[in-house]
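Numbered per UniProt numbering, the sequence shown spans residues 1 to 722.
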Amino acid sequence: MTAPSTYDDNEIVNASSNLHMDALIATRLSRRQALKGGMSVTAAALLGSVSLSACGGSDDAATADGLQLSFSAVAKNKNDLVTVPEGYQVSILHALGDPLQFGEESWKGDGSESAESYNRRIGDGHDGMYYFGLSDDGKFNAERSDRGLLAMNHEYVVAPYVLHPNGMTTGAARVPTEVEKEIYAHGVSVVEVKRSSGNDMAMVRGSRFNRRITSATEIAFAGPVQGHALVRTKFSPDGLKTRGTNNNCANGYTPWGTYLTCEENWLNVVSRAAGDDAKRSAKEVVALKRYGLPENRKSPYLWDTAGSDDLFARWTSSVTGASANDDYRNTANTFGWVVEIDPFNPTSTPAKRSALGRFNHEGAWPAPAVAGQPIVIYMGDDARNEYIYKFVSKALWNPQDVNGGMAVGAKYLDEGTLYVAKFNADGSGQWLELSYGKNGLDASNAAYPFVDQGDVVTHARLAADKVGATKMDRPEWGAVHPRNGEVYMTLTNNSNRVDPSATPTGSQLKPDAANPRYYSDNYTNNDGSSKSNKGNPNGHIIRWHENGSNGAATAFAWDIYLFAAQADAAGDVNLSGLSAVNDFSSPDGLYFDPRGLLWIQTDDGAYTDVTNCMMLAAVPGQVGDGGAVTAAGGTATRKGANASPDNLRRFLVGPKQCEITGVAVTPDGKTLFFNVQHPGEESSLSNLGSHWPASQTNPAATQRPRSATVVVTRTDGGAIGL
Ligand code: FEO
Ligand code: CA
Ligand code: CA
Ligand code: CA
């Protein structure tokens, strides 16, 4: 078998092609970027901090929103460190394998921890997260900054060089104990956090709130698929429950104090047998293919090969029994959902909120709740050429529902309307309704005849195809501006955009106004050779304003807030005027903190010949504050106001071969959490590409790298970023 050398976060699935694994982008590290500023280890090194001030950005710059960025931009670099601005310090909150409870050994770094113990250890692949203030009586308190619950996604496991003693064992079948450990190292963690010294935070080991939810945890189905034939399995013949949440990428939260975790690249662990098509209806074959699961498809992690035990056998979505009640043919339909978790009730059963649709959910971002108005949640499907969605609840928000837990979740999230976005060339847009019986979503749809709303939400991609939604450049995170309600969403990159003068083949697409650029970006490999990334290699951030500033509106106006690019790129590529203090590539994470500061994170493979991934702070303006422009390749579009050091600055750079993802800020703005995912991503056990977090304090560290949560504070106790 072939061990997954790295997690595939870049899969393509669309109406016209099967799953296609992108060639791994070689991010070599030979060319060390000269640092423009001096590196200084400050007194904060006690907390493992290295400050690097560099390349300008005035200290106090007024912005449109009345917010002033007040830190010196960090220079691009390729150090095996988190680099923060001068006057800031970092500490590690928790990393893969750290015990949540007493009685467990500390992580040793040799893969010797038992599989079972991962039910009580921090999982791998830290990703989306949310900080919930915790009151002294154990309830959600949105104002509390010194004590809280941190809910965290563990997206995937870095099995080849972190989790197991000798990496992933190769052979025809996976080793059961290794797969078991991987199953328990996925999912979500909830931990209590408390301020320790100053505004720094520490995990409260042994807290009654500390909890792991894994790929084996029992989870209820809620909404239109509850009890539906599409989710019946041997484990739950009545279709009321399933096991596990998987490949939890980004997240969301609700105003009543629950966490939303979103299932993205579940195809990494779900296989399908050869010859399975012949055992399926034509309709099932269409649906499985649209979701990237053709027959004879082996998942990269091959969990289904570890034995006949139900823990493993269920990871192939294949017909093996007489009916769906006897096998796991419907496993595929049990993933790709938004899952609600009540972090304040450690014994509550999470729920898959199916009304929000099934696709490669990156995350689920709520608009600020308004009393008497519906709950509105924005979502993206992260695969090339996929769509942007929103959910509008039927129930209207009642602030008295705060702290109502899963019952309140059922009230707002199990009934409502799902929409998909269409972006028009003139800067307008529509939300197209995905309701059974409307817009041709019924048995008359020749490509895929729908039978009911459970069928529509399970196959939201097929419904979105039917209504004519706009295919986007890989929707990643969204964020809603807390003051003007405008919605921002990262479109991380898309190698499938082709020259507008060419004839697209297969899954290729010509640029359009909302995904306008086509160009080549050069990349220097480790051996000094060069390659060229074509399409939209650096990505962009789109934003929209709902008509009437009403989240439930069915029309909107949009522009492109920022085009990511190298500062030295051509003018029709670097359309936002990025400079050395704020150039970046492949935006992924995105978050408005409680003060209205926007944080932008990167998961990049196009600029990593120059810099590790990063996080920037921004004070954005509003839709329409820029103007018309023609993008590289010749497509007309509309952009926001140009970037400047005053409204966009690089706040930190991560260690080698990592992704920066997940960010949360306490209500007082004085403690910031972010995640370093997969440092040393291209490693093998014999050639580790990073030793972070150990390398943060010890340049000679030799430990295995691991994903971790970093706490950032200011040495003077002030507010972060401002
Ligand atoms: Fe898991 Fe789309 O990033
Ligand atoms: Ca380049
Ligand atoms: Ca992501
Ligand atoms: Ca990544």
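C-beta: ideal position from N, C-alpha, C; glycine also.
What is the rounded straight-line gap between the Cα of residue i and the Cα of residue j?
i           : j           : result
residue 191 : residue 688 : 29 Å
residue 419 : residue 89  : 43 Å
residue 512 : residue 587 : 19 Å
residue 380 : residue 494 : 15 Å
residue 711 : residue 229 : 45 Å
residue 315 : residue 107 : 28 Å
residue 112 : residue 118 : 11 Å
residue 485 : residue 605 : 32 Å
residue 262 : residue 545 : 24 Å
residue 74  : residue 574 : 20 Å
residue 563 : residue 479 : 17 Å
residue 123 : residue 674 : 16 Å
residue 370 : residue 399 : 8 Å
residue 260 : residue 350 : 10 Å
residue 559 : residue 212 : 40 Å
residue 291 : residue 267 : 9 Å
residue 165 : residue 94  : 21 Å
residue 254 : residue 345 : 15 Å
residue 680 : residue 614 : 15 Å
residue 289 : residue 492 : 24 Å
residue 331 : residue 242 : 9 Å
residue 618 : residue 280 : 50 Å
residue 318 : residue 299 : 13 Å
residue 425 : residue 169 : 51 Å
residue 481 : residue 430 : 20 Å
residue 516 : residue 294 : 31 Å
residue 462 : residue 136 : 47 Å
residue 447 : residue 234 : 29 Å
Determine the burial state of residue i: buried for a count of at least 16 other Cβ atoms within 10 Å of its Cβ, exposed for fewer.
i           : result
residue 505 : exposed
residue 635 : buried
residue 443 : exposed
residue 708 : buried
residue 686 : exposed
residue 218 : exposed
residue 698 : exposed
residue 593 : buried
residue 676 : buried
residue 716 : exposed
residue 655 : buried
residue 278 : exposed
residue 611 : buried
residue 404 : buried
residue 132 : buried
residue 670 : buried
residue 327 : buried
residue 347 : exposed
residue 589 : buried
residue 503 : exposed
Is residue i helix, strand or coil by DSSP?
i           : result
residue 211 : strand
residue 117 : helix
residue 286 : helix
residue 131 : strand
residue 354 : helix
residue 241 : strand
residue 578 : coil
residue 181 : helix
residue 725 : Only positions 1 to 722 of the chain appear in this structure, which leaves residue 725 out of reach.
residue 70  : coil
residue 344 : coil
residue 684 : strand
residue 460 : helix
residue 512 : strand
residue 709 : strand
residue 298 : coil
residue 467 : helix
residue 401 : helix
residue 112 : coil
I want to check one thing, is the minimum distance from the CB of residue i to the heavy atoms of ligand 5 below 7 Å?
i           : result
residue 522 : With respect to ligand 5, the structure shown offers nothing to examine, as its ligands consist of ligand 1, ligand 2, ligand 3 and ligand 4.
Beta strand (DSSP E) runs wholly inside the region 516–563, at least 3 long, in chain order
Taking only runs of at least 3 residues, the beta strand (DSSP E) segments lying wholly in the region 516–563 are 519–524, 530–535, 540–546 and 555–563.
With ligand 3 as the reference, list in chain order each residue whose Cβ lies under 7 Å from any of its heavy atoms.
Checking every Cβ against the heavy atoms of ligand 3 under 7 Å gives 9, 127, 249, 250, 362, 382, 476, 477, 588, 589, 603 and 661.
Would you list, in sequence order, the uninterrupted beta strand (DSSP E) runs of no fewer than 3 residues that lie entirely inside the region 606–645?
614–618, 627–630 and 636–639
At 3 residues or longer, what runs of the beta strand (DSSP E) sit wholly inside the region 141–175?
147–154
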